[in-house]
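In the UniProt record's numbering, the protein residues as written are 1 to 355.
Beta carbons: idealized from backbone N, C-alpha and C, even for Gly.
Notes follow the structure.
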């Protein structure tokens, strides 16, 4: 006899305050799981089990052979559901897999898995107008019996989802950052791959920053510690003092943020700004009137000020986002929720999502 989960599901949904979601784990109903063995991925399936059973010698546990992605599904005003640029997440995951000698996931498989998870958990997608979204976490891990330092004999690819609100409390409210003496990644390491080791290395500096009442740290380039690279777990951008140029760091140890490259395009083609990927020296903060952290989770978080040594530099304001940051945020979020016209190929509709 099949267990009727509808009363449990109704209670779980009734307990969610859609207008005040944070960024924390909420167990949803189904997740996607595929197993790679003997040179190929299986067909994949949806499962209720949110626990993964691993061999004790799995390379993911001992040698960090794993990578992940993050993307969101958005409820539109007409009830339809948007995925934002999932092909870019698929491409970045393939790049991470290549860097760690793991089998790649095709665009078709990646996007299909994401669609299946959204369709199966659509009732967890926050309503239009709440500012929430359904965060998708695809990941690949090395598993199977092993003990030596080598690529795994088997792999798992999974996608699960969680309803979320803003990553930083307050949404589009400026937060302050502090520079760190720690490095996020090595100059020729895995900084450009979305692998767990990069984030594990960030836990201590992030913890120390929060103890000092900063949102997170600004990482400088690992070779010279003179140039800005990332802001916590997000990419960094700044607006020049005249409000005419969007600038973001360029380095082989920076994760290529899909949000950042979307903002670069929007800044140039929608706002008419000059755009530049290049060096942003920490001693040149006075040249910029606005700054922000951007990423799938954070979207855009305005940076009120940065503490570097004994100097605290305030950008536009510690309480209000700057005008260019606000326009970029409105343009990006408008596209994601279907309120503004999207550039070709940026939006993938999840068929069968009725609202």
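Check                                                                                                                             : Outcome
Beta carbon of residue 338 nearer than 8 Å to that of residue 90                                                                  : no
Check: residue 278 C-beta below 7 Å from any heavy atom of the ligand ATP                                                         : By its list of ligands, the structure shown contains no ligand whatsoever, and the ligand ATP lies outside what it can speak to.
6 Å CB neighbourhood of residue 267 in its chain, flanking five on each side removed                                              : 246, 273, 275
The segment 31-42 in contact with the segment 182-190 per 3-pair CB rule at 8 Å                                                   : no
DSSP beta-bridge partners of residue 342                                                                                          : For residue 342, which the question treats as bridged, DSSP gives no partner whatsoever.
Chain-order list of residues whose beta-carbon lies under 8 Å from that of residue 254 (same chain, five-residue window excluded) : 191, 192, 229, 230, 235
Same chain only: Cβ atoms within 6 Å of residue 346, ignoring 5 sequence neighbours per side                                      : 85
Span of the alpha helix (DSSP H) around residue 116                                                                               : 107-120
Under 8 Å between C-beta atoms of residue 132 and residue 163                                                                     : yes
Pair within 8 Å by beta-carbon distance, residue 136 and residue 125                                                              : no
Backbone CA spacing between residue 248 and residue 278 [nearest angstrom]                                                        : 6 Å
Test item: CB-CB of residue 46 and residue 30 under 8 Å                                                                           : yes
Counterpart residues of residue 219 in DSSP-defined beta bridges                                                                  : 230
According to DSSP, residues forming a beta bridge with residue 248                                                                : 277
Per DSSP, cross-strand counterpart(s) of residue 31                                                                               : 47
Sufficient close CB pairs (3 or more, under 8 Å) joining the segment 304-319 to the segment 48-58                                 : no
Residues that residue 66 bridges to, as DSSP identifies them                                                                      : 141
Residues of its chain near residue 189, where Cβ-Cβ distance is below 7 Å and the 5 sequence neighbours each way are ignored      : 253
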